[in-house]
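Worksheet: the structure to be examined is printed underneath.
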Amino acid sequence: SYYSFDYGQVHFIVLDDIEWIVPEENKDTKKEKKGHYQGGLGKEQLEFIKNDLQQIPADQLVVLMMHIPMIEIEDRQDLYRLIEKRPFCMSISGHTHHHEHRFITKEDGWRGPKPHHHIINVTVSGSWWSGSPDERGIPHTMMADGAPNGYSLITFDGTEYDLDFRAAGRSASYQMNILAPEQVTADQTAETEVYANIFNGSERSKVEMQVGNSGSWAVMEKIDEIDPSYKQLSETENAVEGKKYRDLPKAKKSSHLWRTKLPAGLKPGTHLIRIRTVEMDGDKHQSGRVIRVLPARPVEKTASTTVTEK
-12 SYYSFDYGQV HFIVLDDIEW IVPEENKDTK KEKKGHYQGG LGKEQLEFIK NDLQQIPADQ
48 LVVLMMHIPM IEIEDRQDLY RLIEKRPFCM SISGHTHHHE HRFITKEDGW RGPKPHHHII
108 NVTVSGSWWS GSPDERGIPH TMMADGAPNG YSLITFDGTE YDLDFRAAGR SASYQMNILA
168 PEQVTADQTA ETEVYANIFN GSERSKVEMQ VGNSGSWAVM EKIDEIDPSY KQLSETENAV
228 EGKKYRDLPK AKKSSHLWRT KLPAGLKPGT HLIRIRTVEM DGDKHQSGRV IRVLPARPVE
288 KTASTTVTEK
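According to my numbering, numbering within the sequence shown proceeds without interruption in unit steps and concludes at 297.
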């Protein structure tokens, strides 16, 4: 079903965007094809949205909630025409079992003056309760983009909103994973990559890394790649024979992954890597991990032969 309601100063519209395709009989085999679904709203629901929004002032925040992401809805262009002129509108979905901030632009047919913010929200079940169990016997169920399972808290203040990511069973401060080797030799630091998976990060986040207490903060590069730690974890766990847990799904590219390299010239010893981020809504988070730098490998001397011309 679909419906709308006001809560405080915010207007919510709950949509049913799962469109079932009725199977048809195959004329050759006389057997019915399998039914399936796709993202869609239909004329009646679009008319409901149109009539509903006519009652809502332009200066009131409108939040659309749906299951399948808006960018996968077959008739989304019709939906865009209904909301793209509203200055205060955002939307939330699920379905994909990963966490992502998507900004819909003219590349997808959006005609509004500014991109539409669509949140594909983290799921409590993560990767469908797969992966090895933790000390409580519950699968860790890390999602295929490298983010943990969990939920979001959204705070509304007039037309403004703030979304906070919460990992299930962890403290509110757990907002990122940092991937770096346990140790590296001094002559290899400048070639050593450090990754940061900022769970609630987006293209509007600023992510920086510092090594040591007095090092300068270096801006990290946002990349659209698979999280190396999830890839390694899934391959290791899925290869276990006789396991009594479900395989993790295949890794997918993460929309909240950053990368940089360690600075050159780090002296042997232990160093603290710090990662800090400022999110699109101004939220700030910081975390760190220790890396050990070993003395550079000695250069091996090779025998040489001198040829004297006669």
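Don't be surprised by glycine CBs; every beta carbon is placed ideally from N, CA and C.
Note that the structure is a prediction, hence the values are computed from the model and not measured.
Would you mind giving the Cβ-Cβ distance between residue i and residue j, rounded to the nearest angstrom? I have them listed as a contact below 8 Å.
i, j, result
"A205", "E212", "About 19 Å separates the two Cβ atoms, so there is no contact after all."
"E208", "T247", "6 Å"
"D39", "T146", "At roughly 18 Å, the Cβ-Cβ gap does not stay under 8 Å, so D39 and T146 are not in contact."
"A154", "Y161", "5 Å"
"Y(-11)", "Q32", "5 Å"
"E71", "Q25", "With 8 Å as the limit, E71 and Q25 do not qualify as a contact, their Cβ atoms being about 23 Å apart."
"L48", "F75", "4 Å"
"H85", "A131", "6 Å"
"H54", "I5", "6 Å"
Are there 16 or more other CB atoms within 10 angstroms of the CB of residue i, so buried, or fewer, so exposed?
i, result
"P282", "exposed"
"I278", "buried"
"G27", "buried"
"I125", "exposed"
"V181", "buried"
"W7", "exposed"
"K297", "Below a pLDDT of 50, predicted positions are generally treated as unreliable, and K297, at 42, falls in that range; the measurement from the model is reported next regardless. With fewer than 16 Cβ atoms within 10 Å of its Cβ, K297 is classed as exposed."
"P285", "exposed"
"L2", "buried"
"G188", "buried"
"Y67", "buried"
"E87", "buried"
"A309", "No information on residue 309 is available, as it lies outside the stretch -12 to 297 that the chain covers here."
"R157", "exposed"
Provide the residue span of the alpha helix (DSSP H) that contains residue i, from first to last.
i, result
"R63", "R63 to I70"
"Q219", "P215 to N225"
Where do the ends of the beta strand (DSSP E) carrying residue i lie?
i, result
"Q197", "K193 to V198"
"D(-7)", "Y(-10) to Y(-6)"
"M52", "V49 to M52"
"M77", "C76 to S80"
Say yes only if the C-beta of residue i is nearer than 7 Å to one or more non-hydrogen atoms of the ligand GDP, and no if none qualify.
i, result
"A131", "Looking for the ligand GDP in the displayed structure turns up nothing, as the structure carries no ligands at all."
Between the region 138 to 150 and the region 165 to 183, do three or more beta carbon pairs fall short of 8 Å?
-> no
Between the region 216 to 228 and the region 100 to 109, are three or more C-beta pairs nearer than 8 Å?
-> no
Stretch pair the region 218 to 229 + the region 249 to 264: three plus CB contacts closer than 8 Å | no
Where are the beta strand (DSSP E) runs, 3 residues long or more, that stay fully inside the region 151 to 207, in chain order?
-> 163 to 166, 170 to 172, 180 to 185 and 193 to 198
Minimum length 4: unbroken alpha helix (DSSP H) runs contained in the region 16 to 41 = 30 to 40
Let me know the alpha helix (DSSP H) ranges lying completely inside the region 243 to 284, each 4 residues or longer, listed in chain order.
-> none
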